[in-house]
Structure formats: structure tokens, C-alpha cells
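Engineer:
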Amino acid sequence: MDAINDYYMEELDLSAMKRFFLEQGERRILEKQDYFVRQGGRSGRVAYVEDGMFRFVRTDTKGGEHIVGYSFRDSFVAEYTSCLCSRPALADVQAIVRSTLYVLPYEKLRRYWEMSPEHQRLGRIVAEQLFVMTYRRLMDSYCCTPEERYMDLMRRYPELKEQRPLKEIASFIGVTPETVSAIRKKLLKSGIS
1 MDAINDYYME
11 ELDLSAMKRF
21 FLEQGERRIL
31 EKQDYFVRQG
41 GRSGRVAYVE
51 DGMFRFVRTD
61 TKGGEHIVGY
71 SFRDSFVAEY
81 TSCLCSRPAL
91 ADVQAIVRST
101 LYVLPYEKLR
111 RYWEMSPEHQ
121 RLGRIVAEQL
131 FVMTYRRLMD
141 SYCCTPEERY
151 MDLMRRYPEL
161 KEQRPLKEIA
171 SFIGVTPETV
181 SAIRKKLLKS
191 GIS
């Protein structure tokens, strides 16, 4: 439901939640480079991404952009900190290709989760998986080499290297573009693409 969310939620049956978004959500098309959420703005919206791709970009105080996550087709997208805490968004959520969304107010999703014990369970599991995703990303940043982080990302999303610039992939794994280039050369030499 946030950065690289479907990888962590693949064991979950989200079909009922997807159906809820398709039936109750407002269908919207965002063109490439359109924003779903702007950093610093308030967002109380969550969306199901029927088709498309989004990046989460945090701009630092010096104007530097940091890619902190992605959401892909057939997943969910939101700036959850803003939704949960009613605070300004910590990152931009930007379409990087033409994208089709079904948008709901977060409050409506929250009410959906409260409708039945099964929906409450689903909401709890989604929250747990978001925590696991965030914790794993934190642990990987401390304990995995840049090469391991790059290989893990490419294993999960091999198309990413064709769809996104090297600079952006480097930002996501927390290294320089030169480091990613060196990793790619090393992997190519060893017969791994």
C-alpha cells in the first residue's frame, strides 16, 4: 500500500477490498507527471491503482529529491502518514505513466474496515504488512549491501530498470548513480542481468 507494496501483500486476498474501491471509488485518470498527493499538502485519499505506476518523492530542505517508494498496477496508493495523522504529506505521490485510479476518502475506507470482523481483520493485516514493509526497508538499509538491495529490487521488479532512470533507482536504494552503474557492470560480467 506504499512503496513496493504488492510484494509484501502478495499473500493477502485483497479482492474484496479491490471490489470495494471499484464499486465505491471515483475513477480518475492521472497523466504522466500528475500528482496524486503533494508534499506538504493534506491528503485524506486512498486509491486502488487499476493501471499505472507511481513514485513517492521526498524533497529535502536543499531541494534534493529522494525516491522513497513506488506503487504499481493492481495495488494501492496513498500518503498514509497524512491520512492517519491528519498532517501534511511527507512526500509527493506522482504518476510516472498515465494511470487509472479508483479514489476513496480515507474515512470511507476506515468505515469499510469497521463493517465486520472480517473487514477489521483485513484492515489490521494491511497495517501489519505496512509495518513489516517499512521495518524490512529500514533493516535492509543498515544490513544489506547496495548490491543486495539492487538485486532484491530487480528480482521483484525486473521491468523497473527499463522504465525508470538509473538516477531514480539509485535514489531508491540509497546510493549514487555511479554505484548502480558499477553494480550493473559487475552483475553483467558475472552473467547476471
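Be aware that the sequence shown starts at 1, since it is given in full-length UniProt numbering, and climbs by one per residue. Even for Gly, the Cβ is constructed at its ideal location relative to N, Cα and C.
Looking at the unbroken beta strand (DSSP E) that takes in E50, where does it start and where does it end?
Structural biologist: Counting from 1 along the sequence shown, the entry for residue 50 is found at position 50. First-last of the beta strand (DSSP E) with E50: R45 to D51.
Engineer: With R55 and Y35 assumed to form a contact (beta carbons below 8 Å), what rounded beta-carbon distance in angstroms separates them?
Structural biologist: Working through the sequence shown from its first residue, we reach residue 55 at position 55. Working through the sequence shown from its first residue, we reach residue 35 at position 35. About 11 Å separates the two Cβ atoms, so there is no contact after all.
Engineer: Determine the closest residue to K186 out of E162, Y157 and M151, with distance taken between C-alpha atoms.
Structural biologist: Position 186 of the sequence shown, counted from the start, is the residue given in the question as residue 186. Selected option, being the one with the closest Cα: M151.
Engineer: Take E147 and list the residues in its own chain whose beta-carbon comes closer than 6 Å to its own, dropping the five residues that flank it on each side.
Structural biologist: Translated into positions along the sequence shown, residue 147 becomes position 147. Closer than 6 Å at the Cβ level, and outside the excluded window around E147, lie I183.
Engineer: P88 and G44 look like a contact to me (Cβ under 8 Å); what is the Cβ gap, rounded to whole Å?
Structural biologist: Along the sequence shown, read from residue 1 onward, the residue named residue 88 stands at position 88. Along the sequence shown, read from residue 1 onward, the residue named residue 44 stands at position 44. That belief does not hold up - the Cβ atoms of P88 and G44 are roughly 12 Å apart, past 8 Å.
Engineer: The beta strand (DSSP E) spanning G69 covers which residue range?
Structural biologist: Looking up residue 69 in the sequence shown gives position 69. E65 to F72 is the span of the beta strand (DSSP E), which, as asked, contains G69.
Engineer: Just tell me which of C83, L153, K32 and A95 has its CA closest to the CA of A127.
Structural biologist: Translated into the one-based positions of the sequence shown, residue 127 becomes position 127. Comparing Cα positions, the closest option is C83.
Engineer: Pull up the DSSP beta-bridge partners for V57, would you.
Structural biologist: As a working note, residue 57 is residue 57 in the sequence shown. Per DSSP, I67 and D92.
Engineer: Check whether the Cβ of A182 lies closer than 8 Å to any heavy atom of the ligand MN, and answer yes or no.
Structural biologist: Absence of the ligand MN from the depicted structure is noted, as is the absence of any ligand whatsoever, leaving it without description.
Engineer: Can you tell which of M17, I169 and E31 has the C-alpha that lies nearest to the C-alpha of V68?
Structural biologist: Position 68 of the sequence shown, counted from the start, is the residue given in the question as residue 68. Minimum Cα distance to V68 is reached at I169.
Engineer: Tell me the DSSP secondary structure of S86 in three-state form.
Structural biologist: The residue you call residue 86 lines up with position 86 of the sequence shown. When secondary structure is reduced to three states using DSSP, S86 falls in the coil class, being assigned neither helix nor strand.
Engineer: Look at the alpha carbon of T59 and the alpha carbon of Q94, and state the distance between them as a whole number of angstroms.
Structural biologist: On the sequence shown, position 59 is the one that residue 59 refers to. On the sequence shown, position 94 is the one that residue 94 refers to. Approximately 13 Å between the Cα atoms of the pair.
Engineer: Identify every residue that forms a DSSP beta bridge with T100.
Structural biologist: Translated into the one-based positions of the sequence shown, residue 100 becomes position 100. I29 and D51, per the DSSP bridge assignment.
Engineer: Just checking, does the region 135 to 143 make contact with the region 23 to 30 on the three C-beta pairs under 8 Å criterion?
Structural biologist: no
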